[in-house]
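Which chain is which? The protein sequence lines are A and B, in order.
Just remember that the working numbering sits 18 ahead of the position in the first sequence, which is counted from 1.
Just remember that the working numbering sits 14 ahead of the position in the second sequence, which is counted from 1.
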Amino acid sequence: MWSFYFNELIRSLPFFIKGLWMTVAVSGLSLIVGTIIGFIWGIIRASRNKILRSLIGAWVDLIRGTPFLVQVFIVFFILPGIGIELEAFPAAVISLTNLAACFICEIVAGGILAVSSGQREAATASGLSAYQQLRYIILPQAMRTILPPLVGQYVLLVKDSSVVSAIGVVDVTRVGWLTVQRIPEGIMVFGLVGILYFVVCYPLINLSNILERRMTVVATRL
Amino acid sequence: MLEAFNFRVILEYMPLYLQCFLATLWLSALSLLGALVVGTIACAMRLSASRVVSSIAGVYIESIRSTPLLAQLYFFYFGLPSLGIMVPEWVTGVFALTLNSGAYYAEIVRSGIQAIPNGQIEAGIASGLNYFQRMRYIILPQALGMTIRPMLGQAIVLVKDSSLLSLISIAELTRAGQLLTSDRFMPAEGFLTTAAFYLIIYYMLKGFSSWSEKRLIFREAH
C-alpha cells in the first residue's frame, strides 16, 4: 500500500511543482514591492516628521499585533464589502506585501538610526542636500545593519506565504492539503511539502548567516 | 462602512469570543511552556561536545526553521492518524506549536549563552565551580537578561501563530471570527473583533517587554 501511494505521489509531482511556482510567485512579488514600500516607510520613520512617523508606527503596530491569517481574511472578505472585489491571488499579494513592508520598515528605520549622528552632522556641514546625505552617507552605512536581518525576514515571509492557502490560493501547502485527501499518507505528502519549502528557504537562511558574519567583520575592521 | 457595522451581533457573540479568547490564551501558554523546555534541551544538545548529539539538534532546528508552521501543523494533523496515533485536535495543535517555537527558543538561548565571554566561564572553572554551578550562577542569569526581549518577541509570534490552529478546526479566536462570518455573513464584525482581541494580548506582551527591559537596565546601573 505504501509503495502504491508513493508512486501515486510521484505521479502528482508536476502538481506540486506548479504549487511551488505559485508560492514563489506570491512571495517574490510581495517581497519586491514590499521591500520598496518598506524602505520608503523606514526612511520616513527615521525622519524628523513627527506626524508621519507616528502614523506609520501605529500602522506597523497594528499589523505586527495581529496574526497574518486574520489579515488575509480581512483583505479577502471585508474589502469586497466596501466595493473592492478581489480574487484570491491579488488578495494574497496585497496582504503579504503589506506585512513585508511593515517588517522591513522597522529594519530599515533601525539601520538608519544606528548610523552615528556625527556622520549626518558632518554631511550637513559639507553642504550635502538631504537627498545626497541619504544616498551617499546614511544608506550605504545603514545597509550593513539592514542587510542580514532583511534576508532573514525574506525567509519568514516565504514561510508566511503558506497561510494564503487558507483563502484558496493553490500554493505548495494547498497542493499538499488537496493531495492528502486522495493519498492519505500525511507524513509522506507533507514531508514532500516540507522539502520543497526547505529548497527555497535554506539557501536564504545560509545567505543571511553569511551576510551577518561578513558585515560584522567589516564593521569591526573599520 | 461604520454605520453598517453591527455592534449588536458582536455583543451577541461576545460569550463565544471570550471563551475562544481564553482558549487562545491557554493554548499559547501551554505551547510556550513546552517550547521553553524543548528549546532549552535542544540548545544544550546543540552546544554538546558530542558530534552526533549536536547534529541531531541541528537537523531539528534547521528543518523547523526552514519550513512553514502551517505545513508542520498539517504534517502532524494528517500524519499522526496515518501512523495509527489518534489524539484530539488541540493536542496536535499544541504539539506542533511547541516543536515549532522550541526551535526558535533554542536559537535564542544559544545566542544568549554564546554572548557571554569565555573568560567568565574560565574564571568559574578556576574558582572550582562545577558545570551546574557555572550554569546557575554565571551563565544563566546573564543569558536570561540578554534574551528576555527576543523571548517575549517569540512569545508574541507564538500567540499569533496559534491562529493557524483554526485551520484544523480548534475553537480559538480566529475560529470565532470564522464562525460569525459563516453564520451571519458578517466578515467585518467577525474578523475585526478577532483582531481587536489579538491586539489586547499584543499590547500587554509588548508593554511587559519594555517594562522588563527598563528593569534590567536599572539593575545593571546599580
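Virtual Cβ for every residue (Gly too), placed ideally from N, Cα, C.
This one's a predicted model, so the numbers in the text were calculated from it and none came from an experiment.
Considering only residues of the same chain and omitting the five flanking positions on each side of residue i, which have a CB-CB separation below 8 angstroms?
i, result
"residue 62 of chain B", "68 and 71"
"residue 36 of chain A", "188 and 193"
"residue 123 of chain B", "53, 54, 57, 157 and 161"
"residue 185 of chain A", "90, 91, 94, 106, 109 and 110"
"residue 226 of chain B", "162, 163 and 166"
So with CB distances below 8 angstroms, who are the chain A contacts of residue i?
i, result
"residue 19 of chain B", "Ordered by position in chain A, no residue passes the 8 angstroms Cβ test against residue 19 of chain B, which lies about 10 angstroms from the chain."
"residue 97 of chain B", "205"
"residue 201 of chain B", "91, 92, 95, 96 and 99"
"residue 205 of chain B", "88, 91, 92, 95 and 96"
"residue 212 of chain B", "83, 84, 85 and 88"
For residue i, collect the residues of the same chain with a Cβ closer than 6 angstroms to its Cβ; drop the 5 residues on either side in sequence, then sort them by chain order.
i, result
"residue 138 of chain B", "148 and 152"
"residue 20 of chain A", "none"
"residue 93 of chain A", "109, 112 and 113"
"residue 171 of chain A", "121"
"residue 177 of chain B", "188"
"residue 104 of chain B", "184"
Cβ of residue i less than 8 angstroms from any chain A Cβ?
i, result
"residue 116 of chain B", "no"
"residue 186 of chain B", "no"
"residue 91 of chain B", "yes"
"residue 223 of chain B", "no"
"residue 79 of chain B", "yes"
"residue 191 of chain B", "yes"
"residue 57 of chain B", "no"
"residue 49 of chain B", "no"
"residue 177 of chain B", "yes"
"residue 143 of chain B", "no"
"residue 181 of chain B", "yes"
Determine whether the beta carbon atoms of residue i and residue j lie at a separation below 8 angstroms.
i, j, result
"residue 197 of chain A", "residue 207 of chain A", "yes"
"residue 59 of chain A", "residue 148 of chain A", "no"
"residue 106 of chain B", "residue 182 of chain B", "yes"
"residue 181 of chain A", "residue 166 of chain B", "no"
"residue 117 of chain B", "residue 74 of chain B", "yes"
"residue 179 of chain A", "residue 195 of chain A", "no"
"residue 83 of chain A", "residue 216 of chain B", "yes"
"residue 166 of chain A", "residue 222 of chain A", "no"
"residue 97 of chain B", "residue 205 of chain A", "yes"
"residue 193 of chain B", "residue 211 of chain B", "no"
"residue 27 of chain A", "residue 201 of chain A", "yes"
"residue 44 of chain B", "residue 172 of chain B", "no"
"residue 253 of chain A", "residue 62 of chain A", "Missing from the structure shown is residue 253 of chain A; chain A here goes from 19 to 240 and no further."
"residue 85 of chain A", "residue 220 of chain B", "no"
"residue 99 of chain A", "residue 202 of chain B", "yes"
"residue 156 of chain A", "residue 133 of chain A", "yes"
"residue 81 of chain A", "residue 104 of chain A", "no"
"residue 207 of chain B", "residue 24 of chain B", "yes"
"residue 102 of chain A", "residue 164 of chain A", "no"
"residue 49 of chain B", "residue 125 of chain B", "no"
"residue 199 of chain B", "residue 96 of chain A", "no"
"residue 143 of chain A", "residue 151 of chain A", "no"
Closer than 7 angstroms by beta-carbon distance: list the chain B residues that pair up with residue i, in chain order.
i, result
"residue 76 of chain A", "Correct list: empty, because the minimum Cβ distance to chain B is about 11 angstroms."
"residue 208 of chain A", "85, 88, 89, 92 and 93"
Would you say residue i reaches chain B, if we count a Cβ-Cβ gap shorter than 8 angstroms as a contact?
i, result
"residue 211 of chain A", "yes"
"residue 84 of chain A", "yes"
"residue 181 of chain A", "yes"
"residue 64 of chain A", "no"
"residue 43 of chain A", "no"
"residue 172 of chain A", "no"
"residue 216 of chain A", "yes"
"residue 54 of chain A", "no"
"residue 36 of chain A", "no"
"residue 184 of chain A", "yes"
"residue 177 of chain A", "yes"
In chain A, which residues lie less than 9 angstroms from residue i when you measure between Cβ atoms?
i, result
"residue 209 of chain B", "80, 83, 84, 85, 88, 89 and 92"
"residue 45 of chain B", "Those within 9 angstroms of residue 45 of chain B in chain A number zero; the least Cβ separation is about 14 angstroms."
"residue 174 of chain B", "82, 83, 84, 85, 86, 87 and 88"
"residue 217 of chain B", "79 and 83"
Along chain A, in chain order, which residues have C-beta atoms closer than 7 angstroms to that of residue i?
i, result
"residue 195 of chain B", "95"
Between residue i and the rest of its own chain, which residues show a CB-CB distance below 7 angstroms, the 5 nearest in sequence each way excluded?
i, result
"residue 10 of chain B", "Because residue 10 of chain B is not part of the residues shown, which for chain B are 15 to 236, the question remains open."
"residue 233 of chain A", "162, 165 and 166"
Kindly say whether residue i, judged by its beta-carbon, lies nearer than 8 angstroms to any beta-carbon of chain D.
i, result
"residue 223 of chain A", "Of the chains in the structure shown, none is chain D; the protein chains are A and B."
Interface residues of chain B around residue i at Cβ under 9 angstroms?
i, result
"residue 219 of chain A", "79, 80, 81 and 82"
message = Please list, in chain order, the residues of the segment 188-206 of chain A that have any C-beta partner in chain B closer than 7 angstroms.
response = Those would be 191, 194, 195, 198, 202, 203, 204 and 205, in chain order.
task = Closer than 9 angstroms, Cβ to Cβ, to anything on chain B: give me those residues from the segment 87-120 of chain A, in chain order.
result = Residues of the segment 87-120 of chain A with a C-beta atom less than 9 angstroms from some C-beta of chain B are 87, 88, 89, 91, 92, 94, 95, 96, 98, 99 and 100, listed in chain order.
message = Under 8 angstroms, CB to CB, which of the residues in the segment 128-154 of chain A have a partner in chain B?
response = So the list is empty, because no residue satisfies the distance condition.
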